[in-house]
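Undergrad:
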């Protein structure tokens, strides 16, 4: 008689509805739906009532998109970057690595530009404070 192992029970995957995802990611429900419409993210499932359900990897993807936004990446650039990241994760090669390097360069340049803008804003605020304090205000 051959002994067979019991079938492994699938580990339940935690899923969140869009409202909880919006709160967690600090993105609006409308924004998440828009990202779905343009193909940046897809819910991993739907509830019996038809509500969108998101897994931890879906939420991680939304966080990545949120991080791209301040750097001025367009929706098309975001889609290209996500596609390159997905391809590199699934099958790393020189082409996908080069594409990710290109995006790293763009992100670095844009971050440096933002840092310069922030420095100028800090200088302006300091100037306003000096002007205010020279007129007897603290």
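Numbering (the working numbering), first residue to last: 418 to 555. Think of the CB as a built atom: it goes at the ideal place given N, C-alpha and C, for glycine as much as any other residue.
From residue 482 to residue 499, what does the alpha carbon distance come to, in whole angstroms?
TA: To locate residue 482, count along the chain shown from 1; it is residue 65. To locate residue 499, count along the chain shown from 1; it is residue 82. Answer to the nearest angstrom: the Cα atoms are 9 angstroms apart.
Undergrad: Mapping the DSSP letters down to three states, classify residue 489 as helix, strand or coil.
TA: The count along the chain shown starts at 1 and reaches residue 489 at position 72. Correct three-state label for residue 489: coil.
Undergrad: Taking a contact to mean a Cβ-Cβ separation below 8 angstroms, would you say residue 442 touches residue 490 in this structure?
TA: One-based indexing of the chain shown puts residue 442 at position 25. One-based indexing of the chain shown puts residue 490 at position 73. In this structure, residue 490 does not lie closer than 8 angstroms to residue 442 by Cβ.
Undergrad: Determine the DSSP secondary structure at residue 483, reduced to helix, strand or coil.
TA: In the chain shown, counting from the first residue as 1, residue 483 sits at position 66. Here residue 483 sits in helix by DSSP.
Undergrad: Enumerate in chain order the residues of its own chain whose CB-to-CB distance from residue 460 is below 6 angstroms, with the five nearest sequence positions on each side excluded.
TA: Stepping through the chain shown from its first residue, residue 460 is reached at position 43. Here the set comprises 469, 470, 471.
Undergrad: Helix, strand or coil: how does DSSP classify residue 459 here?
TA: Within the chain shown, residue 459 is the residue found at index 42, counting from 1. Of the three classes helix, strand and coil, the one that applies to residue 459 here is coil, per DSSP.
Undergrad: Determine the contact status of residue 501 and residue 517, defining contact as a CB-CB distance below 8 angstroms.
TA: Working through the chain shown from its first residue, we reach residue 501 at position 84. Working through the chain shown from its first residue, we reach residue 517 at position 100. Cβ distance < 8 angstroms, so residue 501 and residue 517 count as in contact.
Undergrad: Mind checking residue 430: buried by the 16 CB within 10 Å criterion, or exposed?
TA: By one-based count along the chain shown, residue 430 stands at place 13. The residue is exposed, with fewer than 16 neighbouring Cβ atoms inside 10 Å.
Undergrad: Checking the sheet assignment: what are the DSSP bridge partners for residue 471?
TA: Indexing the chain shown from 1 puts residue 471 at position 54. 433.
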